[in-house]
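Working notes for the structure below.
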Amino acid sequence: MLNLILSKDIAPYVRRHKRLLLVALILSFISSGLAILPAYLLQIFIDEGMKTGSDPVTWKIPWLAFESGVFSSWHKTEMVLLDNVSPNKLLLIISAVLLVSVYIKSMSIFIAGLLAAAFGNRVVKSLRIDLFKKFISMPLGYYYNKRTGELIARSTADLTVMQSLIAHIAIGLMEYPFSIMVFLAYLFYMNYKLTLLIFLIAPFIVGLVHLFGKKVKKHAVRVQDAIAELTVNYQESLVGMRIIQGFFMGVEEVRKFTKNAEFLYKKTMRWSCWHLGLGPMLDATVFLFLPIVLIIGKIYFNHTLGELIAIIFAFSQLYSPFKKLSQVNNNLKTLQGATFRVFEIMNIRSDLQEVSVPKILSRHRKAIEFKDVSFAYSSAKKVLKNISFRINMGEMVAFVGSTGAGKSTLLDLIPRFHDVTKGKILIDGIDIREVSFESLRRQIGIVNQEVLLFNDTIINNIRYGAPWKTTEEIAFVARAAYAHDFILAQPQGYQTIIGDRGTLLSGGQRQRIAIARALLIDPSILLLDEAVSALDTESEKLVQTAIDELHGSRTIMIVAHRLSTIMKADRIFVLENGQIVESGTRKSLLAQNGRFRQLYDIQFRSQERGKNKIFS
Ligand SMILES: Nc1ncnc2c1ncn2[C@@H]1O[C@H](COP(=O)(O)OP(=O)(O)OP(=O)(O)O)[C@@H](O)[C@H]1O
Ligand SMILES: [Mg+2]
1 MLNLILSKDI
11 APYVRRHKRL
21 LLVALILSFI
31 SSGLAILPAY
41 LLQIFIDEGM
51 KTGSDPVTWK
61 IPWLAFESGV
71 FSSWHKTEMV
81 LLDNVSPNKL
91 LLIISAVLLV
101 SVYIKSMSIF
111 IAGLLAAAFG
121 NRVVKSLRID
131 LFKKFISMPL
141 GYYYNKRTGE
151 LIARSTADLT
161 VMQSLIAHIA
171 IGLMEYPFSI
181 MVFLAYLFYM
191 NYKLTLLIFL
201 IAPFIVGLVH
211 LFGKKVKKHA
221 VRVQDAIAEL
231 TVNYQESLVG
241 MRIIQGFFMG
251 VEEVRKFTKN
261 AEFLYKKTMR
271 WSCWHLGLGP
281 MLDATVFLFL
291 PIVLIIGKIY
301 FNHTLGELIA
311 IIFAFSQLYS
321 PFKKLSQVNN
331 NLKTLQGATF
341 RVFEIMNIRS
351 DLQEVSVPKI
361 LSRHRKAIEF
371 KDVSFAYSSA
381 KKVLKNISFR
391 INMGEMVAFV
401 GSTGAGKSTL
411 LDLIPRFHDV
421 TKGKILIDGI
431 DIREVSFESL
441 RRQIGIVNQE
451 VLLFNDTIIN
461 NIRYGAPWKT
471 TEEIAFVARA
481 AYAHDFILAQ
491 PQGYQTIIGD
501 RGTLLSGGQR
511 QRIAIARALL
521 IDPSILLLDE
531 AVSALDTESE
541 KLVQTAIDEL
551 HGSRTIMIVA
561 HRLSTIMKAD
571 RIFVLENGQI
581 VESGTRKSLL
591 AQNGRFRQLY
601 DIQFRSQERG
611 KNKIFS
């Protein structure tokens, strides 16, 4: 039931920690049960305990007795708890009972609160971890049209909302109806006819609660959207600070941010208005009806003033948990908004998944084969069209072509960052869709166009993919990537922290660290996408030598604009508009006088003119 109200998505999380919730609930019931005890004891305390003289007194409580027989029924009676005690002794006993009850009540409130907090926090902790796992397992394609700030907002702000509300709601949903039932029973016991009158107000109250709940939900979603918008704003500005300052757009950015902050303020106030408005509206409605109840009570039921006051008292006791319950409804609607936003991510089913029983791809020894591969990021346009080739183990092949031809995309298909739209890719004869991600990706070393490093030490960045490697092994690959010397020249050598995304290093240095990182995992397949583009000619030659040394023992696929990088390649594929238009050795391609010759000549000529060697 609770699961249904909270949302079926959170149900498994609530179930996982239900024992905590249960104990918290029992303690809440105890404390709310004990809440009426002081008021009740006070009456005995005054009426009996305060009697002067030494006449013994009796402590009785109202009770229901069951009478079996032909017409078995419940009837009101009294139960004697203590008989024949002196008033002073009764005072002492009552004081002691009161003390113990207050003590138990306080303790149960405290422990119930702690348990409820533990419950809420554990539910959200589990959800937080699962959400992160989801992020990690989501295919890269998911992130292309997502705003990072939005995802951050959902995993922080929305989860915080859930964290602050879930325990309160789960307990409130049980505790308040329980209190309401207790007081209703009491009222029926007192006067069932007048109690029935109370139900006249019910439709109005239900209407109000429903209306406010709907509004609260609507505005809560808008508030969370606005928070996400603001987070996006923070994130993009912080990441793009260099551009903002470079183009002197600070003032404009502040203006944009102010607008977003104002927007969030307005949305939050709207939400507050509906959230806080329900209480006073309920009060107004209920107290409008109260005189009517009194009048009807007097005229039609001939109640005495005393009876009416007693009923009004009980009524107000009933109203308090009811009002709290309506507030829980508002919170519930706020929670549902946040839950929806979090589970929108959690419930995404990705097409790019491991098969249920994946094969383990053993170390690649034979060949990588593309068989009639086509690929499109979206259905609109094919980026790769009917690509077929076979690269033998140990070969070094290069892909060249104009910008946007699909070279990076082609390399991305091998570690299954995307799945082919048509055709298949085989490694040693096995379709890569049939093998486990781990066995596939662990043997592919990747150096990308954009080098991504973490804000950590150089050594930790190099051993990112293989944390178990020793310092010697790390120094070995660093030497191979011609990074060792410049690393030692850093203030703390390998222990130097390289700043956010490696910003404290030069582009060329970052690239060499990325190469070392890729080499450390001892890959059988090396994918180098513009891996040496940021290096000067001299370091490029050195790194080139390092790559050449791997030639023969690994399969290497290189994408490069600078043709000097690919001179040693066994074969070259020329890619245009997603198709292979030429392929062969450098010599044969030059002899063909086709597209490759064209590219070669352009670069050669621009080199002659002493211009930058980059062409596209
Ligand atoms: N995430 C993406 N979503 C949609 N389209 C994309 C995406 N990434 C690339 N494209 C499109 O796919 C085509 C090929 O891009 P790709 O990055 O593979 O080219 P490239 O040959 O590596 O170019 P460059 O030499 O400039 O790196 C381009 O037309 C590009 O617009
Ligand atoms: Mg590219």
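According to our numbering, the sequence shown is numbered sequentially starting from 1. Even glycine gets a Cβ: it sits at the ideal position worked out from N, Cα and C.
- Ranking F248, L211, L81, K259 by CA distance to the CA of Y234 puts K259 first.
- Taking 7 Å as the cut-off, the C-beta of V221 does not count as close to any heavy atom of ligand 2.
- Residue burial annotation: F454 is exposed, with fewer than 16 other C-beta atoms found within 10 angstroms of its C-beta.
- W63 is bridged by DSSP to T77.
- Counting only unbroken stretches of 4 or more residues, the alpha helix (DSSP H) elements lying wholly within the region 146 to 214 are 148 to 153, 159 to 190, 192 to 198, in sequence order.
- If you look at G445, you'll find it in the beta strand (DSSP E) that goes 444 to 447.
- Secondary structure of S588 (DSSP, three-state): helix.
- Counting only the Cα atoms, D225 lies some 22 Å from I129.
- Sorting G423, S436, A478 by C-alpha distance to the C-alpha of Q353 places S436 at the top.
- The residue among R554, G499, R510, R512 with its C-alpha nearest the C-alpha of L526 is R554.
- Between the C-alpha atoms of A569 and D548 there is a straight-line separation of about 9 Å.
- Note that the region 405 to 412 touches the region 576 to 586; at least 3 beta-carbon pairs, one per stretch, sit closer than 8 Å.
- The Cβ atoms of S374 and T421 sit closer than 8 Å to each other.
- Assigned with DSSP and collapsed to three states, I580 falls in strand.
- Beta bridge pairing from DSSP links L527 with I446, M557.
- The bridge partners DSSP lists for R390 are E369.
- Between the alpha carbons of S28 and E175 lies a gap of roughly 7 Å.
- Y142 has its Cβ no nearer than 7 Å to any heavy atom of ligand 1.
- In its chain, beyond the 5 residues on either side, R147, G149, E150 have a beta carbon closer than 6 Å to the beta carbon of V232.
- Contact holds between the region 204 to 217 and the region 267 to 287, because three or more Cβ pairs, one in each stretch, are under 8 Å apart.
- Take L37, set aside five residues on each side of it, and the residues of its chain with a beta-carbon closer than 7 Å to its own are S101, in chain order.
- For G423, the enclosing beta strand (DSSP E) stretches over residues 422 to 427.
- Every alpha helix (DSSP H) stretch that sits fully inside the region 86 to 156 and reaches 4 residues is listed by chain position as 87 to 137, 140 to 144, 148 to 153.
- A residue is called buried once 16 or more other Cβ atoms fall within 10 Å of its Cβ, and F183 is buried on that count.
- By the CB criterion at 8 Å, G552 and G423 fall outside the cutoff.
- For A405, the shortest C-beta to heavy atom distance toward ligand 1 is below 7 Å.
- With 16 or more other Cβ atoms inside 10 Å of its own Cβ, P523 counts as buried.
- By the criterion of a C-beta distance shorter than 7 Å, L384 is surrounded in its chain by V373, S374, F375, G406, T409, L410, G578, once the five residues flanking it on both sides are discounted.
- In the three-state DSSP reduction, I414 falls in the coil class, being neither helix nor strand.
- For T457, DSSP records a beta bridge to I497.
- Assignment of N302 by DSSP, reduced to helix, strand and coil, places it in the coil class.
- According to the DSSP assignment, M396 belongs to the beta strand (DSSP E) that extends over 396 to 400.
- S439 is not bridged by DSSP to any residue.
- When the beta-carbon positions are compared, V221 and G337 come within less than 8 Å of each other.
- For F45, no alpha helix (DSSP H) segment is defined, and its DSSP state is neither H nor E.
- Beta-bridge partners assigned by DSSP to I462: none are found.
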